[in-house]
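Asks: In this text, residue positions in the sequence shown follow the working numbering: the first is 427, and each later residue adds one. C-beta: ideal position from N, C-alpha, C; glycine also.
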Amino acid sequence: MALASLALGPRVLAQPVTRVHAKNYFAEFYDQGYFLDTDRNTPVSGRVIGHAPDDVALRYKLKHPPENGTAVVAAEGTVSYIPAAGFAGLDSLLVEVVGSSGETAEAVVRVSVGPSAPEYVAALAARFPERTHPRLLFTAEELTARFEAAKTDAFLARTLRNIVAEAGRVLKTEPETTFSQGPYRGLIERRYLNLTFAFKYTRDTRYLERLVRELRASCDPAIFPHWGEADKGGEITFGQILCATSIAYDLVYQDLDADTRTLIERAVVRNAYAPALKQLMANEGIYGRFNNYNGIGSSGLAFSAMAFIDADFGGDAASRELTQKILPKALRALQRCMVSFQPDGAYYEGLGYGLWTLRHLALSCIAAEKVFGLPPPAKLTSAVYRSPEWFNAVRAGRGAFGSAEDKSVDEAGTFPVSMFFATKAGRPDYAWPHHNAIAESGGDWQDFIYYDADTWARAANAKPQITDVHLRGYEMAILRSDYGNPMENAVSLYNGTNVEWHMALEAGTLQLTALGTPWFISLGGDEYSIPGYGKKSNVYRKRAEGRNTLVLNPRNGPDQLWSRGKIDRFERSNGDAFAIADLTGAYANSAERVTRGVRLFHGKSQFLVQDEIRSVNPTEAYAFFHTGQALAIAADGRSATFTDSRGNRLLARLLSPKGATLLSMPARMLPSSPNTAGQNPNAGIHKLAVHVPDARRATITLWLVPVASGQVEPAQETAPAHSPLADWKL
């Protein structure tokens, strides 16, 4: 029995999949995921652990050696790696786990080899005399040139006017005097950076004086006893505060008095470096993870250390040594997050957390190259630098399709970091949607940082040639009629992981937009303080019934099993496209096989959603579709009409099975589900439900037709003929 490899992916998949498919076992890297890190010319070791039934003995062996070093794998799973002399970068090796009955599994072990702390110090000294600032994002000459360019660059001028206006609004408020771990992190970023750039641009000392008041308040332990508590979301908070504080410190360094500099330097050590040191050095806590906590927390540590690595700390040599110790480990720790980006640039925690993480990764990449002349390893950035392909692809109609905590919105928002990736990759099309959104209004402080005049000019006419797409690894398929047209017809089908903390039980969920209206939407997440939020099954928005997918045999417990699926078939042409996903892993406790297909056909003007359920036991099935539009069910229970505020309609006709009915239901728990207090009431949202009392061999086929206001709906006789998913073809 050969086992499917789970070589790359969140390691917590190990236990859930073992429970669902009890005969399977596979390898996971022990306490560091699939990742080791070490200084240049320094050996490192770790351990691979396979999970198997008690009666199966395991042995381990090296299947593929590393390219840039040597490795030995002991029979019990210990991996010893020696990097090649002088090598720095990302290496990998493949370990095979063999069971006593011949079963096999594989584990990819990635090894990040980087410069040591003394090497970073030497590289800084070679590029900048001690305590030369600014240096993280701009040198003094570059910043002056950027301001000078605004005299003839209309977009840059509008952006700076926006920044100065925002800074002016800050002057009308008072500095925060109490610390709030959640809301404050975004507030401090906006205040610090608008004030900083407004001062550097105008030289108006009111902005500097207010910035100093803000900095001194946040660095005063009597006001802010910490910048975020570890293991309580605090790493994200101090990651953002560190980035904002470091940019401000770096840019106005020459304008600060010695006392304020020392206050900031010591606060960074007290509130971030000292609390993080133990876990960072041991690759524990967030620093051993692959998620946004790591990406933001480690980026904050690394980015700030590049600002403070040669600071005086009021004569405290130990603080400087600590900062130098933090830097190489933090830069390598954040690489764990970078390997979570999939081949097409998608990030498994969804759009919101992905963009948040990318913003901080981009800042660290800019600073590492500028301060030390050291770009990150190309093997790491190949997927990260393609991320605009992901967040541009999920734009649909006027909004965007997401997963996890992502909420469907009428407007997709702006992605300032796309400018950075567009410039690095030489792909102005990456920035086209962002350019369209803000070209006339101007940008914000992020746009000022990432701006490149040549890329911006080219982006204006660089509309991406995106049609239907399958985002590999992330496992979302998007079928669409006309990218960039707010009136386009588009539908997404997701079948990636539903395991990670931010993910919902959402295998098979879909979202749909047409005629400029989001018809089937994602509600996003809920309050993290709800009891049992991370377990998913206690919260409506985290359950399958709170997504646009199937529920089989409703119950009090989880309505999907933990799984990681894929888009099994994806085909496209100019007038037709479809995607099919095997959802069996998510419903293995209710059915022998569950498959969902979505199709955009008839010149990409109509949709088809088809679910095939095969079960030997009695099975009750629901297919849910959440909407914020008006919904009316026909008297026969076989058709429904959604209507938006402009009179546009989406017709839903149930083609099969017989005995199934359409229902309009509130967006809240089924009677069999847990009634957890404190949940969002989902005001203004309801859902279309297809109810199948006996779904043992059911094929649920829903025909969906957008009809613009004033247009005639199609006749029933024009409905597509039934075809099993296995027979779908273009």
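Based on Cα-Cα distance, which residue from GLN1036, LEU1151 and SER1071 lies nearest to LEU1130?
Replies: Residue 1130 sits at position 704 when you count from the first residue of the sequence shown. Selected option, being the one with the closest Cα: GLN1036.
Asks: Who are ASP463's beta bridge partners in DSSP?
Replies: Taking the sequence shown and counting its residues from 1, the one referred to as residue 463 is at position 37. According to DSSP, which records beta bridges pairwise, ASP463 is partnered with SER538.
Asks: Among residues of its own chain, excluding the 5 on either side of ALA1066, which ones have a beta-carbon nearer than 7 Å to its beta-carbon?
Replies: Residue mapping note: residue 1066 aligns to position 640 of the sequence shown, counting from 1. Hits under 7 Å: LEU1057, ALA1058, ILE1059, ALA1060, ALA1078, LEU1088 and LEU1114.
Asks: State buried or exposed for SER790, treating a residue as buried only when at least 16 other CB atoms are found within 10 Å of its CB.
Replies: On the sequence shown, position 364 is the one that residue 790 refers to. With 16 or more other Cβ atoms within 10 Å, it is buried.
Asks: Less than 8 Å between the CB atoms is what I'm expecting for ALA772 and THR749, so what's the real figure, rounded?
Replies: Here residue 772 refers to the residue found at position 346 of the sequence shown. Here residue 749 refers to the residue found at position 323 of the sequence shown. Going by Cβ atoms, the distance from ALA772 to THR749 rounds to 34 Å, so no, they are not a contact pair.
Asks: May I have the straight-line CA-CA distance separating GLY778 from GLU815, to the nearest angstrom?
Replies: Position 352 of the sequence shown holds residue 778. Position 389 of the sequence shown holds residue 815. Distance between the alpha carbons of GLY778 and GLU815: 15 Å.
Asks: For GLN1032, which of helix, strand or coil comes out of DSSP?
Replies: For the purposes of this step, residue 1032 is taken as residue 606 along the sequence shown, with counting starting at 1. Three-state DSSP puts GLN1032 in a strand.
Asks: Between the C-alpha atoms of GLU1139 and VAL1133, what's the straight-line distance to the nearest angstrom?
Replies: The sequence position of residue 1139 within the sequence shown is 713, counting from 1. The sequence position of residue 1133 within the sequence shown is 707, counting from 1. Going by the C-alpha atoms only, they are around 6 Å apart.
Asks: Hey, quick one: how far does the beta strand (DSSP E) through GLY726 stretch, first residue to last?
Replies: Translated into the one-based positions of the sequence shown, residue 726 becomes position 300. Where GLY726 is concerned, there is no enclosing beta strand (DSSP E), although the alpha helix (DSSP H) it sits in stretches over 718-734.
Asks: Pull up the DSSP beta-bridge partners for ILE1059, would you.
Replies: Numbered from 1 along the sequence shown, position 633 holds the residue referred to as residue 1059. Its beta-bridge partners are ALA1066.
Asks: Given this structure, state the Cα-to-Cα distance separating GLY960 from TYR954, to the nearest angstrom.
Replies: Position 534 of the sequence shown, counted from the start, is the residue given in the question as residue 960. Position 528 of the sequence shown, counted from the start, is the residue given in the question as residue 954. Each residue's alpha carbon lies about 8 Å from the other.
Asks: To the nearest angstrom, report how far apart GLU831 and TYR966 are at their CA atoms.
Replies: By one-based count along the sequence shown, residue 831 stands at place 405. By one-based count along the sequence shown, residue 966 stands at place 540. Looking at the two C-alpha atoms, the distance is approximately 13 Å.
Asks: Can you name, in chain order, every residue of its own chain whose Cβ lies under 7 Å from the Cβ of ASP1008, other than the five neighbours on each side?
Replies: Within the sequence shown, numbered from 1, the residue matching residue 1008 stands at position 582. Counting only Cβ-Cβ distances below 7 Å, and skipping sequence neighbours, we find GLY991, ASP994 and THR1021.
Asks: Under the three-state reduction of DSSP, which class applies to TRP988: helix, strand or coil?
Replies: To locate residue 988, count along the sequence shown from 1; it is residue 562. Coil, per DSSP.
Asks: Quick one: using the 10 Å Cβ neighbour count with 16 as the cut-off for buried, is LEU941 buried or exposed?
Replies: Position 515 of the sequence shown, counting from 1, holds the residue named residue 941. Buried is the call here.
Asks: By alpha-carbon positions, which one of ARG758, PRO842 and GLY594 ends up nearest to ARG785?
Replies: Looking up residue 785 in the sequence shown gives position 359. It is PRO842.
Asks: Cα-Cα, which of LEU706, GLY951, THR943 and VAL917 is closest to ILE1006?
Replies: On the sequence shown, position 580 is the one that residue 1006 refers to. Closest by alpha carbon: VAL917.
Asks: Give a yes or no on whether the C-beta atoms belonging to GLY899 and SER829 are separated by under 9 Å.
Replies: In the sequence shown, residue 899 corresponds to position 473, counting from 1. In the sequence shown, residue 829 corresponds to position 403, counting from 1. The answer is no: Cβ separation not under 9 Å.
Asks: For a test of the three-state rule: what should DSSP assign to PRO1140, helix, strand or coil?
Replies: Taking the sequence shown and counting its residues from 1, one reaches residue 1140 at position 714. Looking at PRO1140 - three-state DSSP - the assignment turns out to be coil, as it is neither helix nor strand.
Asks: Starting from the N-terminal side, write out each stretch of the alpha helix (DSSP H) that is 4 residues or longer and does not extend beyond the region 485-555.
Replies: Whole alpha helix (DSSP H) segments, 4+ residues: 543-553.
Asks: Using 8 Å for Cβ pairs, my map puts ILE722 next to TRP782. What's the rounded Cβ distance?
Replies: Taking the sequence shown and counting its residues from 1, one reaches residue 722 at position 296. Taking the sequence shown and counting its residues from 1, one reaches residue 782 at position 356. Confirmed, about 7 Å.
Asks: Tell me the DSSP secondary structure of PRO944 in three-state form.
Replies: Along the sequence shown, read from residue 1 onward, the residue named residue 944 stands at position 518. Reduced to three states, the DSSP call for PRO944 is strand.
Asks: Would you kindly work out how many angstroms separate the C-alpha atoms of LYS704 and GLY711, rounded to a whole number?
Replies: Along the sequence shown, one-based indexing puts residue 704 at 278. Along the sequence shown, one-based indexing puts residue 711 at 285. Answer to the nearest angstrom: the Cα atoms are 10 Å apart.
Asks: Using CA coordinates, which residue listed in GLY1029, ALA1017, LEU689 and ARG1064 is at the minimum distance from GLY1001?
Replies: On the sequence shown, position 575 is the one that residue 1001 refers to. When each option's Cα is compared against that of GLY1001, the closest is GLY1029.
Asks: At which residue ranges does the region 622-682 contain complete alpha helix (DSSP H) runs of 4 or more residues, listed in the order of the chain?
Replies: Runs found: 631-644 and 660-677.
Asks: State buried or exposed for MET707, treating a residue as buried only when at least 16 other CB atoms are found within 10 Å of its CB.
Replies: On the sequence shown, residue 707 is found 281 positions in, with the first residue counted as 1. Its Cβ having fewer than 16 others within 10 Å, MET707 is exposed.
Asks: Can you tell me whether HIS1112 is helix, strand or coil according to DSSP?
Replies: The count along the sequence shown starts at 1 and reaches residue 1112 at position 686. Note: HIS1112 maps to strand in three-state DSSP.
Asks: State yes or no: is the C-beta of ASN915 within less than 9 Å of the C-beta of THR939?
Replies: In the sequence shown, counting from the first residue as 1, residue 915 sits at position 489. In the sequence shown, counting from the first residue as 1, residue 939 sits at position 513. Closer than 9 Å, so yes.
Asks: Within the same chain, show all residues whose beta-carbon is closer than 6 Å to that of GLU615, passing over the 5 residues directly before and after it, in chain order.
Replies: Here residue 615 refers to the residue found at position 189 when the sequence shown is read from its first residue. Answer for GLU615: GLN666 and ALA670, listed in chain order.
Asks: How many Å lie between ARG687 and ASP1070 at the Cα?
Replies: Numbered from 1 along the sequence shown, position 261 holds the residue referred to as residue 687. Numbered from 1 along the sequence shown, position 644 holds the residue referred to as residue 1070. Looking at the two C-alpha atoms, the distance is approximately 56 Å.
Asks: Going by the DSSP bridge assignment, what does TYR423 pair with across the sheet?
Replies: Look at the range of the chain in this structure, 427 to 1156, and you will see that residue 423 is not part of it.
Asks: If you follow the beta strand (DSSP E) that MET845 is in, where does it begin and where does it stop?
Replies: Locating residue 845 in the sequence shown gives position 419, counting from the first residue. No beta strand (DSSP E) contains MET845, which is instead part of the alpha helix (DSSP H) from 844-851.
Asks: Straight-line CA distance for ALA1017 to LYS962?
Replies: In the sequence shown, residue 1017 corresponds to position 591, counting from 1. In the sequence shown, residue 962 corresponds to position 536, counting from 1. Using only the alpha carbons, I get a separation of about 21 Å.
Asks: Below 8 Å on the Cβ atoms is my contact criterion, and I expect PHE716 with SER766 to pass it. Report the Cβ-Cβ distance as a whole number of Å.
Replies: In the sequence shown, the residue the question calls residue 716 occupies position 290. In the sequence shown, the residue the question calls residue 766 occupies position 340. 4 Å between Cβ atoms; contact.
Asks: Helix, strand or coil for PRO1146? Go by DSSP, reduced to three states.
Replies: Numbered from 1 along the sequence shown, position 720 holds the residue referred to as residue 1146. Note: PRO1146 maps to coil in three-state DSSP.
Asks: Quick test of the definition: if touching needs 3 or more C-beta pairs under 8 Å, does the region 970-984 touch the region 1038-1056?
Replies: The answer is yes - the region 1038-1056 touches the region 970-984, with three or more Cβ pairs under 8 Å.
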